[in-house]
Each structure stands twice: as structure tokens, then as C-alpha cells.
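When the letters of the sequence shown are read in order and numbered with mature numbering (1 follows the signal peptide of the UniProt record, and there is no 0), they come out as residues -22 to -1, 1 to 133. C-beta: ideal position from N, C-alpha, C; glycine also. Take a look at the structure below.
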Amino acid sequence: MNKLLTTSLICTLGALATYANANEEKQLEAAKFVDGIQQAEAKNKDELAQEFKKQQAELGREMKKDDQQWLLEQQKEQEETFREASKEARKNQKDAEKAARKHQEKAKKHAEDKRDKGMKKAEEAKGKAKGNKEQAMQLKECLKSGKSQQECSSN
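What follows is the structure in C-alpha cells.
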């Protein structure tokens, strides 16, 4: 999610830089217009000043409209990016939870299998120990009766 937000911020900064360049171009156009007025000395200065003011006001209105439109577009893009990032984060969280459940089930099954094997080996060891104990008791009884160990072992 942080990567998406970082990418969104980088895109927004890039868009701001593009807007600044476009704004600078509009300002250059306005400067060229002023130069054109100064070069046209043959015309009536009052008419030129009025025309310049009209065009300047129109340019200001256009720039204001462009600024507002651009800001609205940027806001919409940011909202859309945020919605997409939130949606992606929810999807990733669901996927992670699903993977965690699968992993937990596998671990539980593995632990049960290990426990069952351990129980089986313990039962076998218990059975062998019981058998060994019985043999030892029989050997002890046989030795008490006075027979040699070899005679007792062959029985």
C-alpha cells in the first residue's frame, strides 16, 4: 500500500511540474503579447491599453478556469488512486489471511501426524520394555532356581 501511495505522490508531483511548465508557457504568451503592443506604436495607445486589459482579463479568466479544472482533475485522480489502493490492500489482506489459514491447517495436520507417530513409537517402546521386563523376570526366576545363565537363556 505504501508503494501505491508513493507512486501516487510521484505522479501528482509530476503533474504539478507539468502544470507549472504549462503555466509558464501561458505567461510567456502574455509577455509576447505585451511586446507586440509596444511594437505597434502607430496605433492609438488608449485603444491598445483597453484591448490589452480585455485580453488580460480574458486570459486571467481562462487561467482560473484551467486551474480549477486541473485541480478538480487532480483531486479526482487522487481519490481514484486512493480507492484503488484501498481495494488492493483489502484484496491483499484477504489473500494473506487465506494463505495463513492454509498454512495453519497444514501445520496443524503436520503436528497431528508427528504426534500420532510419536504416540505409536512410544507404544511400541512401551511394549518392548514390557517384553524385556518379563524376560528379565523369567531369567531372574530361572537363575534363582539354580540353573546356569546359559540354561536359562536357552529356555
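According to the Cβ coordinates, are residue i and residue j closer than 8 Å?
{"i": "residue 127", "j": "residue 121", "result": "yes"}
With DSSP run on the structure shown, which of helix, strand or coil describes residue i?
{"i": "residue 123", "result": "coil"}
Tell me whether residue i counts as near the ligand MG, meaning its Cβ is closer than 7 Å to at least one heavy atom of that ligand.
{"i": "residue 124", "result": "Ligands are entirely absent from the displayed structure, and the ligand MG is therefore not among its contents."}
Just how far apart, CA to CA, sit residue i and residue j?
{"i": "residue 36", "j": "residue 7", "result": "13 Å"}
{"i": "residue 140", "j": "residue 102", "result": "In this structure the chain extends from -22 to 133, so residue 140 is not present and cannot be described."}
{"i": "residue 91", "j": "residue 85", "result": "10 Å"}
{"i": "residue 5", "j": "residue 60", "result": "33 Å"}
{"i": "residue 94", "j": "residue 79", "result": "22 Å"}
{"i": "residue 71", "j": "residue 45", "result": "38 Å"}
{"i": "residue 106", "j": "residue 69", "result": "55 Å"}
{"i": "residue 100", "j": "residue 124", "result": "36 Å"}
{"i": "residue 27", "j": "residue 42", "result": "22 Å"}
{"i": "residue 97", "j": "residue 117", "result": "30 Å"}
{"i": "residue 89", "j": "residue 53", "result": "53 Å"}
{"i": "residue 48", "j": "residue 62", "result": "21 Å"}
{"i": "residue 131", "j": "residue 108", "result": "18 Å"}
{"i": "residue 58", "j": "residue 67", "result": "14 Å"}
{"i": "residue 104", "j": "residue 83", "result": "31 Å"}
{"i": "residue 51", "j": "residue 31", "result": "30 Å"}
{"i": "residue 81", "j": "residue 55", "result": "38 Å"}
Determine, for residue i, whether the minimum Cβ-Cβ distance to residues of chain B falls below 8 Å.
{"i": "residue 64", "result": "Absent from the structure: chain B. Only one protein chain is present."}
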